[in-house]
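Residue numbers (this note's numbering), protein chains in the order written: chain A, 1348 to 1698; chain B, 42 to 429. Beta carbons: idealized from backbone N, C-alpha and C, even for Gly. Quantities reported herein were computed from a predicted structural model and do not represent experimental measurements. This report refers to the structure that appears directly beneath it.
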């Protein structure tokens, strides 16, 4: 179903994603990104109709961590603002619904995450069922490896194919100055079988920001807006034991609702932190070999948690802005083994 | 294109208590959700999307708990959003859910907020570690007490006003079966004799720690037409935020609160809130915030709010009843407290508030705030559908 209002991504900015950013607070990491995204449109913070962010206290190691980030926005005079404890892609979704109501014509969306201060594999175990699973501390790589093993056992992929995905992603990232892993990267030893270090995302810190605008406002702010033709997200059961880990029905349903299957896309930015998850997503999204997948390098080249999904939408939109794509799909994920998935379809006006 | 009108057709709460040891977090939220569905006479299949909110994940120690709660809330295969805007989150969560209906993304949405404080330690969660903040504060009371004192100095309000609010809210709670504190032997003298915690805030003038959840079913015009009970219609809703600390910030009456209220009144066509609004459920975690918010929300001129409280205007039988449910002072599952305000406002205009019903309540304001008096969310609900 077509949205009741034409809304577009009109600007995108991101930090350089790095293994550590000890010298920077989250606000200091975010502030230049906010300035850059505003500069791209000529808007000032006070011109923005609605602001929405995504982050998690569990990376920051303190409650209400997003309140400090708000200082980077400069919320004075007071602003219309909200926050999701989710990847920034869902903050963008909330902002999109706000623009749909007509209450605002522009929105600033941002997200950030610093994984460097802690052990992110351990931190993410706190997402799991707190009574039956979290006490066992199964870490994020181990869970992804379970999924990869299920895929290999089902004959859906093998280790050489996974290595090819890893190499292609980092090769694509060679032209992405923001990426953390760029160019040839050794595929390495098994971290948790069948996943090798090269099959896993880099751990790092980063931030991203997007500006949305509706209708004529979008055309004023951007030469070639990336129109959101559809956007939808779906969640699956939490327990891995009740899911078929070789498939992603939530991705497929979100894609259907977003209109992704109405016409072919030329580009897809997939939020697949592990090589094996790209295999699952390609199948669920029915992406053929003619679709350019993750020209940015994807999450295998830079995976700042809580921002990596928003970056997929930003990267897809930026390609539309630059005229390198006419119809692009962007995907974001959250939770263990692709539990929750968002799909957006972005289009440029005919050239 | 105009917005789709939004109606509340189902409301459910758990009986708020200090510790629900008989249920998990999932069991707690499901109980409230099932009650909201029963009220609306709907089933899980009728729900298009779920929007959930709670205060910091640090409280229960579950990171992004909506992932684990997807099954319990019947959200599998559906969109699920998780909102977190500090103490205002219960209100903000409801407003995010209204956008899904108003923007015609979905027809019927379940929204829910909760806190299970018995599995948590809010004092620890709210006392930020060095180096983020100097270790001067102990919990929320330590943060807000100086601002209460500033209000008293600024307005010359008599010392007893705070105890009047607590005495009123705790008596109102006796008429609300879902309220946490049911102090049948409460007297004004007992409130005034309770220990001083954070001067000038006494023990009986503070909110309890509660386990609880609150859920609402929101729907569009077509959904409201099928509603078995009278719907509450949303006439206005808004959020405003300002920074935590900055030179010139007015902690007693923050600009973000004034702006938020003004936006809601503009949407709802409220010219004079004191005249046009029949009752208020406002977020009063410490007693003195009643007179402070009465001024911030435009129900009284600056410096005059305490006079409404002192003269009994805000009593259940008064001219402008405030916190008929007993308020946050009687029930505080932190993340849910804002949504309870919104839901109680809706119960009033639906005529379903039982013993704490205000006769003829046609337009009622729900209010929530959070952080360092910096995040505000409000809605105004009415008996009639919005005209514009």
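Bridge-paired residues (DSSP) for residue i
i, result
"residue 54 of chain B", "B/255"
"residue 280 of chain B", "B/418"
"residue 411 of chain B", "B/416"
"residue 92 of chain B", "B/122, B/152"
"residue 1694 of chain A", "A/1574, A/1674"
"residue 329 of chain B", "According to DSSP, residue 329 of chain B bridges with nothing at all."
"residue 1556 of chain A", "A/1360, A/1457"
"residue 128 of chain B", "B/126"
"residue 1401 of chain A", "A/1431, A/1458"
"residue 1680 of chain A", "A/1688"
"residue 1579 of chain A", "A/1690"
"residue 1542 of chain A", "A/1539"
"residue 157 of chain B", "B/252"
"residue 201 of chain B", "Note: residue 201 of chain B sits in no beta bridge, so no partner."
"residue 117 of chain B", "A/1582"
"residue 1472 of chain A", "Answer by DSSP bridge pairing: none, since residue 1472 of chain A is not bridged."
Where residue i falls, given that 16 or more other Cβ within 10 Å makes a residue buried
i, result
"residue 1484 of chain A", "exposed"
"residue 56 of chain B", "exposed"
"residue 1621 of chain A", "buried"
"residue 185 of chain B", "buried"
"residue 1589 of chain A", "exposed"
"residue 1507 of chain A", "exposed"
"residue 316 of chain B", "exposed"
"residue 1478 of chain A", "exposed"
"residue 1501 of chain A", "exposed"
"residue 396 of chain B", "exposed"
"residue 209 of chain B", "buried"
"residue 200 of chain B", "exposed"
"residue 134 of chain B", "buried"
"residue 281 of chain B", "buried"
CA-to-CA distance, residue j to residue i, given in whole angstroms
i, j, result
"residue 310 of chain B", "residue 1366 of chain A", "53 Å"
"residue 1473 of chain A", "residue 1459 of chain A", "19 Å"
"residue 1497 of chain A", "residue 1687 of chain A", "19 Å"
"residue 294 of chain B", "residue 284 of chain B", "14 Å"
"residue 388 of chain B", "residue 81 of chain B", "13 Å"
"residue 1519 of chain A", "residue 1673 of chain A", "20 Å"
"residue 364 of chain B", "residue 1368 of chain A", "47 Å"
"residue 1583 of chain A", "residue 116 of chain B", "8 Å"
"residue 53 of chain B", "residue 1585 of chain A", "24 Å"
"residue 1615 of chain A", "residue 1624 of chain A", "14 Å"
"residue 302 of chain B", "residue 1430 of chain A", "20 Å"
"residue 36 of chain B", "residue 262 of chain B", "Residue 36 of chain B cannot be examined here, being either before or after the span of chain B that is shown, 42 to 429."
"residue 1634 of chain A", "residue 1610 of chain A", "12 Å"
Reduced DSSP secondary structure (H/G/I, E/B, other) of residue i
i, result
"residue 375 of chain B", "helix"
"residue 424 of chain B", "coil"
"residue 1411 of chain A", "coil"
"residue 364 of chain B", "coil"
"residue 82 of chain B", "coil"
"residue 193 of chain B", "helix"
"residue 1615 of chain A", "strand"
"residue 405 of chain B", "strand"
"residue 1382 of chain A", "helix"
"residue 397 of chain B", "helix"
"residue 243 of chain B", "strand"
"residue 275 of chain B", "strand"
"residue 343 of chain B", "coil"
"residue 1365 of chain A", "strand"
"residue 355 of chain B", "coil"
Cβ-heavy atom distance, residue i to the ligand SAM, below 6 Å
i, result
"residue 426 of chain B", "Absence of the ligand SAM is noted for the structure shown, with no ligands found whatsoever."
Mind checking the stretch 1372-1388 of chain A against chain B and listing, in chain order, the residues whose C-beta falls within less than 7 Å of any C-beta there?
none
Using a Cβ-Cβ cut-off of less than 7 Å, list which residues of the stretch 1418-1437 of chain A approach chain B; keep chain order.
1418, 1422, 1423, 1424, 1425, 1426, 1427, 1428, 1429, 1430, 1431, 1432, 1433, 1437
Contact residues within the stretch 1669-1695 of chain A, judged by C-beta distance below 8 Å to chain B:
1681, 1682, 1683, 1686, 1687
Could you name the residues of the stretch 274-288 of chain B whose beta carbon sits closer than 8 Å to any beta carbon of chain A, in the order they occur along the chain?
279, 280, 281, 282, 283, 284, 285, 287
Taking beta-carbon pairs under 9 Å, can you tell me which members of the stretch 1576-1597 of chain A lie near chain B?
1579, 1580, 1581, 1582, 1583, 1584, 1585, 1586, 1589, 1596, 1597
Residues in the stretch 137-150 of chain B having any Cβ partner in chain A nearer than 8 Å:
137, 140, 141, 143, 144, 145, 146
Chain-ordered residues of the stretch 1441-1465 of chain A with a beta carbon less than 9 Å from chain B
1441, 1443, 1444, 1445, 1446, 1447, 1448, 1449, 1450
Mind checking the stretch 1503-1514 of chain A against chain B and listing, in chain order, the residues whose C-beta falls within less than 7 Å of any C-beta there?
none
Using a beta-carbon distance cut-off of less than 8 Å, what residues from the stretch 1470-1498 of chain A approach chain B?
1470, 1471, 1473, 1474, 1475, 1476, 1477, 1478, 1481
So if I threshold CB-CB distances at 7 Å, which residues from the stretch 105-131 of chain B count as touching chain A?
105, 108, 109, 111, 112, 116, 117, 118, 119, 120, 121, 122, 123, 124, 125, 126, 127
Selection of the stretch 393-425 of chain B by Cβ proximity to chain A, strictly under 9 Å:
411, 412, 413, 415, 416, 417, 418
So if I threshold CB-CB distances at 7 Å, which residues from the stretch 151-168 of chain B count as touching chain A?
166, 167
Relative to chain B, which residues along the stretch 1618-1650 of chain A have a C-beta separation below 9 Å, given in chain order?
Here the close residues number zero.
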